[in-house]
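Enquirer: Before I ask anything, here is the structure I am working with.
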Ligand SMILES: Nc1ncnc2c1ncn2[C@@H]1O[C@H](COP(=O)(O)OP(=O)(O)O)[C@@H](O)[C@H]1O
Ligand SMILES: [Mg+2]
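Numbering (UniProt numbering), first residue to last: 1 to 287.
This is the structure in structure tokens:
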């Protein structure tokens with residue numbers, strides 16, 4: 001096994017080239033099926049909502065999930081993307097992440113954005129200037145829905161460019177279903193939580209993924225040892241909700257910050273990484 005394979009660097013041939021499809025089109029955040037389900041409140045949905053609300057793993061979250069969020073989960077269950085909920089993996093500022101059983105007995109991660117996200121103003125700053133999200137305005141609900149769709153679209157785009165990210169599976173309103181990295185019994189760890197055995201190689205892999213992402217026209221915007229997870233020796237880039245296109249007015253600043261964070265982490269691991277050199281490497285890939 002070569003050094004790079006050690007951290008699971010994807011073979012670029014596995015990417016689907018630069019045929020990115022229509023996720024660059026304007027994203028529609030008007031009335032969703034979930035909103036209609038929540039309005040109709042038929043008996044089946046009411047029972048489903050009650051069951052979820054009573055489930056232990058939702059006890060903490062129930063005060064922050066509104067009816068339309070329960071309806072989005074209901075729709076994903078009806079469509080066969082979610083079979084049963086497991087426990088919470090993370091309760092962050094804007095989103096909760098749960099383990100769940102998906103289609104074909106496959107474990108999935110379900111990321112549920114809260115509509116009353118605390119740093120909603122900050123979300124807007126990332127969306128404004130992104131050509132994919134023109135005209136979103138200041139409606140809180142629309143912003144969060146656009147954000148969730150953006151994470152889904154970014155994951156698809158990153159994956160097509162040969163960046164190892166969780167496979168996006170489905171998106172409904174403010175709920176995103178994706179591949180669970182790691183196992184229910186053995187969770188993937190953040191790079192920040194592990195002893196990096198071979199930091200030189202890990203750095204080369206991260207640097208290459210940054211370059212491929214940039215080549216695909218995206219800047220992560222929140223890249224650090226907290227949004228890189230590792231399982232079974234494989235490095236995976238996560239949390240692409242805030243990632244912007246290279247045309248975003250702040251893309252340069254976001255890229256600088258990503259380079260500084262990554263350089264500082266690997267410098268602490270004992271290797272000499274200069275953020276400016278990293279940036280030159282990353283931008284050598286023409287978007
Ligand atoms: N697809 C996934 N597989 C495994 N764990 C995940 C996955 N997505 C997120 N996580 C876990 O949940 C945490 C929070 O997810 P993240 O997308 O970074 O959201 P946040 O915006 O709250 O930082 C991550 O640090 C990671 O531990
Ligand atoms: Mg994160």
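Here a beta-carbon is modelled for each residue, glycine too, at the ideal position from N, C-alpha and C.
This one's a predicted model, so the numbers in the text were calculated from it and none came from an experiment.
I'd like the list of long-range same chain contacts for residue 275, defined as Cβ closer than 6 Å, with 5 residues on each side in sequence excluded.
Expert: Reading the chain shown from its first residue, position 275 is the one you call residue 275. Here the set comprises 259, 260, 263.
Enquirer: The alpha helix (DSSP H) spanning residue 126 covers which residue range?
Expert: As a working mapping, residue 126 is identified with position 126 in the chain shown. Where residue 126 is concerned, the enclosing alpha helix (DSSP H) stretches over 120-127.
Enquirer: Pick from 286, 71, 57, 10: whose alpha carbon is nearest that of residue 40?
Expert: Numbered from 1 along the chain shown, position 40 holds the residue referred to as residue 40. It is 71.
Enquirer: Does residue 189 pass the burial test, meaning 16 or more other C-beta atoms within 10 Å, or should it be called exposed?
Expert: Your numbering for residue 189 matches position 189 in the chain shown. Label assigned to residue 189: exposed.
Enquirer: Whose beta carbon lies closer than 7 Å to any heavy atom of ligand 1, going through the chain in order?
Expert: Any residue whose Cβ sits closer than 7 Å to a heavy atom of ligand 1 makes the list: 89, 90, 92, 93, 94, 95, 97, 109, 111, 166, 178, 179, 180, 181, 182, 187, 188, 190, 226, 227, 229, 238, 239, 241.
Enquirer: Could you check what DSSP says for residue 154 in three-state terms: helix, strand or coil?
Expert: In the chain shown, the residue the question calls residue 154 occupies position 154. In this structure, residue 154 counts as helix in the three-state DSSP scheme.
Enquirer: Between the C-alpha atoms of residue 132 and residue 244, what's the straight-line distance to the nearest angstrom?
Expert: Against the chain shown, residue 132 aligns to sequence position 132. Against the chain shown, residue 244 aligns to sequence position 244. Computed Cα separation, rounded: 10 Å.
Enquirer: Enumerate in chain order the residues of its own chain whose CB-to-CB distance from residue 91 is below 6 Å, with the five nearest sequence positions on each side excluded.
Expert: Mapped onto the chain shown, residue 91 falls at position 91. Contacts found: none.
Enquirer: How is the alpha helix (DSSP H) around residue 40 delimited, first residue to last?
Expert: One-based indexing of the chain shown puts residue 40 at position 40. Start and end: 33-40.
Enquirer: Candidates 273, 43, 96: which alpha carbon is nearest residue 204's?
Expert: Sequence index remark: in the chain shown, residue 204 carries index 204 (1-based). Of the candidates 273, 43, 96, the one whose C-alpha sits nearest the C-alpha of residue 204 is 273.
Enquirer: Got a sec? Which residues, its chain only, sit under 7 Å from residue 287 by beta carbon, not counting five neighbours each side?
Expert: On the chain shown, residue 287 is found 287 positions in, with the first residue counted as 1. Excluding residues within five positions, the ones whose Cβ falls inside 7 Å are 214, 215, 217, 246.
Enquirer: Buried or exposed: residue 162, going by 16 or more other Cβ atoms within 10 Å of its Cβ?
Expert: Counting from one through the chain shown, the residue named residue 162 turns up at place 162. When all chains shown are included, residue 162 counts as buried.
Enquirer: Taking DSSP as the reference, what is the three-state secondary structure of residue 65?
Expert: Within the chain shown, the letter at position 65 stands for residue 65. In the structure shown, residue 65 sits in coil (DSSP, three-state: anything other than H, G, I, E or B).
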